[in-house]
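I have placed the structure first, in the form of structure tokens, so that the comments after it can refer back to it.
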Amino acid sequence: MKIQSILSTDGIFEKKLENFKARAPQLDLSIAIESAIKNNDILISEAGTGVGKTFAYLVPAMLSGIQTIISTGTKHLQDQLFYSDIPKVQNTLELNLKIHLLKGRSNYLCLYRLGSIQQFSNSFNFYYPEREFKDIINWSNTTGSGEISELTSVSENSNWWFKVTSNNDNCLRSDCPQHKECYFYQARELALDADLLVVNHHLLCADMAIKEQSDGIGEILPSAGIFIIDEAHKIEQSATSFFSEHFSNKQINLLTTDIFNDMFQISGDYAIKEYTEKLNNANLKLVASFGPHQQKKPQDDIKNNKNIYQAYDSVIDAIGALQKQLKPHKDEKSIESHSNKLSTITSFLTNWFSNNNNNDNNDKDKNDNHIKWFEVFKNNYKLHKTPLSIANYFSKHIHSSDASWIFTSATLSINNNFNDFQNKLGIKESQQIIVGSPFDYNKQAMLYTNKNDLNPQNSDFIARLMESAKPLIKAANGRCFLLFSSYKSLNEAVALLKDEFSLLVQGDMPKMQLTEKFITDKNSILLATKSFWEGVDVKGQDLCCVIIDKIPFSSPADPVFVARANKLKQQNLNPFEILSIPEAVITLKQGAGRLIRGVDDYGVLMIGDGRINSKFYGKTFLNSLSYFPHTQDTQQVINFLHEHTGN
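If you count by my numbering, then the sequence shown holds residues 4 to 650, one letter each, in order.
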């Protein structure tokens with residue numbers, strides 16, 4: 004079966020799939036993917052909005068007869084592929100492939116942890132009155148997969164899921180008494196035998212990290228022949244996270260709870276509580292010693308802080324005292340596991356709090372390429388050790404896999420090349436293709452940048468921007484997204500607009516509910532920050548104006564960004580050109596992608612940042628949006644909106 008006979012005009016899909024329309028860019032992309040699969044190549048591809056890249060890669064992959072792993076940047080796309088797109092291709096082409104979905108272990112009910120809570124409550128004759136817990140108990144008796152997204156009556160953010168699911172830190176793995184019934188490991192067994200497996204970037208990178216640390220022992224995913232990385236602009240961030248080391252005080256809180264529960268079941272007394280509480284109290288003092296919350300800083304900033312180091316010493320002492328109490332019970336599998344985890348925590352903390360970044364004298368280069376940093380929240384801290392580059396890790400896995408790798412996204416190129424993407428992932432040679440959107444941007448859209456030189460560094464920037472934006476908001480009858488780079492700017496805009504317009508503001512309700520409210524309330528405007536720059540799909544005339552406050556450069560205070568910039572400076576390279584501009588271009592393209600989502604859509608993209616016209620780097624950003632007709636004429640934009648709104 005040839006791809007042309009499926010995706011071309013009058014092909015199988017046009018004849019059998021409702022609402023499918025053949026698109027030349029989709030066919031071009033699919034042919035390029037088929038070629039990469041046949042030749043075992045690496046293909047980097049950018050497909051404009053509306054190309055239909057999902058079918059473009061599904062068709063050649065599913066026809067290839069080669070085991071395939073598709074990785075997505077979000078669980079939403081993962082579910083869409085598994086429950087909608089893949090069945091359409093499978094049924095239409097009359098294939099009989101084994102298709103499976105696999106998510107991270109925290110997405111599955113942990114029978115051991117659920118049982119421990121029930122056993123604990125029975126032992127103390129304690130009754131949990133919460134409706135959510137009752138729903139989980141009832142669902143646990145009927146579920147076949149244990150995937151928590153099945154139970155829609157319990158919010159995905161409920162604290163109960165935190166209690167009845169496991170993670171990489173507290174999972175007992177093969178030592179668990181219910182290992183054979185474990186939903187995650189059952190799903191994993193099915194995944195190993197799948198013809199087509201759908202995962203997300205977090206799981207793909209977790210598997211890579213396990214293989215990196217254990218030479219393949221305990222790997223999660225099969226060694227497939229095709230890897231398709233959708234939403235590939237997110238893969239570097241996911242890989243950075245999973246090749247980093249992380250620790251938070253919540254890990255201690257969870258572990259001490261598990262230790263107390265398990266020791267009570269073994270000994271039937273409260274003796275261990277004195278030691279778990281001592282550790283929890285020491286941990287709380289460490290949280291307090293870090294100072295104000297909502298901050299990110301490098302470890303170097305605290306190396307002379309005696310309060311923090313005294314609190315750290317107390318945590319280490321409390322861990323040692325607790326381990327001594329566990330020692331007589333180490334024959335119990337669960338207690339041995341808990342003791343080992345306490346040792347791992349001690350090792351990480353000792354390494355992290357060392358003032359010498361080069362803790363492994365025999366591996367100096369490795370440590371030179373990491374940054375230690377911390378985040379402080381209310382009642383919580385997180386400690387990180389992050390690689391400055393994941394290129395070596397990622398390229399090692401790509402080139403040792405003996406598979407074809409397909410990277411695709413609507414936003415990968417900068418100035419029509421993939422150099423930045425290749426460098427970040429350590430890809431030296433690849434096939435490449437860019438296919439544009441089938442939408443007619445010359446008729447459907449317009450890019451507007453103000454003639455006034457609005458500078459985000461000026462204190463009156465948001466006030467002046469809102470005055471410039473008001474004529475567009477009125478011409479569009481609301482129906483605008485206002486996307487901001489910070490909550491400070493968002494809140495300032497809310498104060499300036501609330502008396503004149505119907506506002507929907509991020510934080511007032513969950514993201515999905517806010518989006519649905521925007522669609523039903525035809526004259527409202529939605530104000531949001533980074534989480535709305537991508538993954539929001541509003542089609543038709545419900546959205547006809549996207550206003551972006553400024554070029555989305557990364558915060559110059561971010562410790563990882565600063566460390567990477569300093570590393571480039573040491574190599575006599577320009578971090579602004581190599582780091583700042585490429586990241587901001589990709590983010591800006593994502594934000595711009597919210598506007599035109601279908602052939603009947605129309606709208607205006609406004610960028611308020613005057614630097615896009617006045618600075619030398621502005622051309623790079625304008626080039627990335629060159630498919631938009633560009634104007635600085637306010638009246639022309641208003642006329643365009645009036646023409647389409649019928650005002």
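The beta carbon of each residue, even a glycine, is placed where N, CA and C say it ideally should be.
Under three-state DSSP, which class holds Gln509?
-> Taking the first residue of the sequence shown as 1, we reach residue 509 at position 506. DSSP places Gln509 in coil when its eight states are reduced to three.
Could you check what DSSP says for Tyr451 in three-state terms: helix, strand or coil?
-> Stepping through the sequence shown from its first residue, residue 451 is reached at position 448. Here DSSP, grouped into helix, strand and coil, assigns Tyr451 to strand.
Within its chain, find whatever has a CB closer than 6 Å to the CB of Ser119; leave out the 5 residues flanking it on each side and keep chain order.
-> Within the sequence shown, the letter at position 116 stands for residue 119. Same-chain partners within the cutoff: Asn264.
When the Cα of Phe521 is compared with those of Lys501, Gln81, Asp545, which residue comes out closest?
-> Taking the first residue of the sequence shown as 1, we reach residue 521 at position 518. Nearest of Lys501, Gln81, Asp545 to Phe521, Cα basis: Asp545.
Just to confirm, does Arg191 get its C-beta within under 7 Å of one of the non-hydrogen atoms of the ligand NAP?
-> Absence of the ligand NAP is noted for the structure shown, with no ligands found whatsoever.
Could you name the residues of the same chain whose beta carbon sits closer than 7 Å to that of Cys179, not counting the 5 residues immediately before and after it, in chain order?
-> Against the sequence shown, residue 179 aligns to sequence position 176. Excluding positions up to five away in sequence, the list reads Tyr115, Cys185.
Cα-Cα, which of Val167, Ser557, Gln435, Asn160 is closest to Lys137?
-> Against the sequence shown, residue 137 aligns to sequence position 134. It is Val167.
Can you grab the Cα-Cα spacing for the pair Glu248 / Asn395, in whole Å?
-> In the sequence shown, the residue the question calls residue 248 occupies position 245. In the sequence shown, the residue the question calls residue 395 occupies position 392. Roughly 17 Å between the two C-alpha positions.
Other residues of its chain near Asn569: CB distance less than 7 Å, five sequence neighbours each side excluded | Residue 569 sits at position 566 when you count from the first residue of the sequence shown. Excluding positions up to five away in sequence, the list is empty.
Would you identify the three-state DSSP class for Thr634, choosing helix, strand or coil?
-> The residue given as residue 634 occupies position 631 in the sequence shown. Correct three-state label for Thr634: strand.
Taking buried to mean at least 16 other C-beta atoms within 10 Å of its own C-beta, is His400 buried or exposed?
-> As a first step, residue 400 is located in the sequence shown; it is residue number 397 there, counting from the start. Result: buried.
May I ask you to report which of helix, strand or coil DSSP gives Tyr605?
-> To locate residue 605, count along the sequence shown from 1; it is residue 602. Annotated three-state conformation of Tyr605 is coil, per DSSP.
May I have a chain-ordered list of the alpha helix (DSSP H) segments no shorter than 4 residues that lie completely inside the segment 496-579?
-> Within the segment 496-579, the complete alpha helix (DSSP H) runs of at least 4 residues are 514-523, 562-573.
Tell me the start and end of each unbroken beta strand (DSSP E) in the segment 174-230 that is at least 3 residues and wholly inside, in chain order.
-> Fully contained in the segment 174-230 are the following beta strand (DSSP E) runs of length 3 or more, in chain order: 199-203.
Exposed unless 16 or more other CB atoms sit within 10 angstroms - verdict on Val602 = Start at 1 with the first residue of the sequence shown, and residue 602 comes out as number 599. Label assigned to Val602: exposed.
Take Glu133 and list the residues in its own chain whose beta-carbon comes closer than 8 Å to its own, dropping the five residues that flank it on each side.
-> For the purposes of this step, residue 133 is taken as the residue at position 130 of the sequence shown. Excluding the 5 residues flanking it on each side, Glu133 has same chain C-beta neighbours closer than 8 Å at Trp163, in chain order.
Thinking just about the alpha-carbon of each residue, which of Gly149, Gln93, Gln121, Ile139 is nearest to the one in Gly107?
-> The residue given as residue 107 occupies position 104 in the sequence shown. It is Gly149.
Buried or exposed for Pro555, please, with buried defined as at least 16 other CB atoms from any protein chain shown within 10 angstroms of its CB.
-> Mapped onto the sequence shown, residue 555 falls at position 552. Buried, by the Cβ-count rule.
Work out the CA separation of Thr648 and Gly543 for me, nearest whole Å.
-> Residue numbering aside, residue 543 sits at position 540 when the sequence shown is read from its first letter. Residue numbering aside, residue 648 sits at position 645 when the sequence shown is read from its first letter. Just so you know, the alpha carbons of Gly543 and Thr648 end up roughly 12 Å apart.
Spatial neighbours of Val588 in its chain, beta-carbon cut-off 7 Å, leaving aside the 5 residues before and after = Reading the sequence shown from its first residue, position 585 is the one you call residue 588. Contacts found: Ile417, Thr623, Phe624, Ser627.
Taking Leu200 as the reference, which of Lys183, Glu239, Asn42, Leu224 has the closest Cα?
-> Start at 1 with the first residue of the sequence shown, and residue 200 comes out as number 197. Of Lys183, Glu239, Asn42, Leu224, the smallest CA-CA separation from Leu200 is found for Leu224.
For Ile476 versus Cys547, is the C-beta spacing smaller than 8 Å?
-> The residue given as residue 476 occupies position 473 in the sequence shown. The residue given as residue 547 occupies position 544 in the sequence shown. It is not a contact, given that the beta carbons lie outside the stated cut-off.
Terminal residues of the continuous alpha helix (DSSP H) containing His402?
-> The residue labelled residue 402 in the question sits at position 399 within the sequence shown. 394-403 is the span of the alpha helix (DSSP H), which, as asked, contains His402.
Buried or exposed (CB count within 10 angstroms, at least 16 for buried), Asn286 | Taking the sequence shown and counting its residues from 1, one reaches residue 286 at position 283. Flag for Asn286 reads buried.
Extent of the continuous alpha helix (DSSP H) run through Phe293 = Looking up residue 293 in the sequence shown gives position 290. If you look at Phe293, you'll find it isn't in any alpha helix (DSSP H); DSSP assigns it neither H nor E.
Taking just the CA atoms, how far does Asn43 sit from His402?
-> As a first step, residue 402 must be located in the sequence shown, where it is residue number 399. As a first step, residue 43 must be located in the sequence shown, where it is residue number 40. Rounded to whole angstroms, the separation of the alpha carbons of Asn43 and His402 is 11 Å.
To which residues of the same chain is Ser653 closer than 8 Å at the C-beta, ignoring the five residues directly before and after it?
-> Nothing in the structure corresponds to residue 653, since the chain is present only between 4 and 650.
Residue range of the alpha helix (DSSP H) that includes Leu325 = As a position in the sequence shown, residue 325 is number 322, starting the count at 1. Going by DSSP, Leu325 is part of the alpha helix (DSSP H) stretching over 309-329.
Is there at least one Cβ from chain C nearer than 8 Å to Asn43's Cβ?
-> Absent here is chain C; the protein component of the structure consists of one chain.
Which residue comes first and which comes last in the beta strand (DSSP E) that contains Lys385?
-> Translated into the one-based positions of the sequence shown, residue 385 becomes position 382. Residues 383-390.
In chain order, what residues of the same chain have a beta carbon less than 8 Å from the beta carbon of Leu391, not counting five sequence neighbours either side?
-> On the sequence shown, residue 391 is found 388 positions in, with the first residue counted as 1. Non-local beta-carbon contacts of Leu391 in its own chain, meaning distances under 8 Å to residues more than five positions away in sequence, involve Asn372, His373, Ile374, Val563, Ala566, Arg567, Lys570 in chain order.
Between the CA atoms of Phe267 and Ile275 - distance to the nearest angstrom = Residue numbering aside, residue 275 sits at position 272 when the sequence shown is read from its first letter. Residue numbering aside, residue 267 sits at position 264 when the sequence shown is read from its first letter. If I take the Cα positions, the gap works out to 8 Å.
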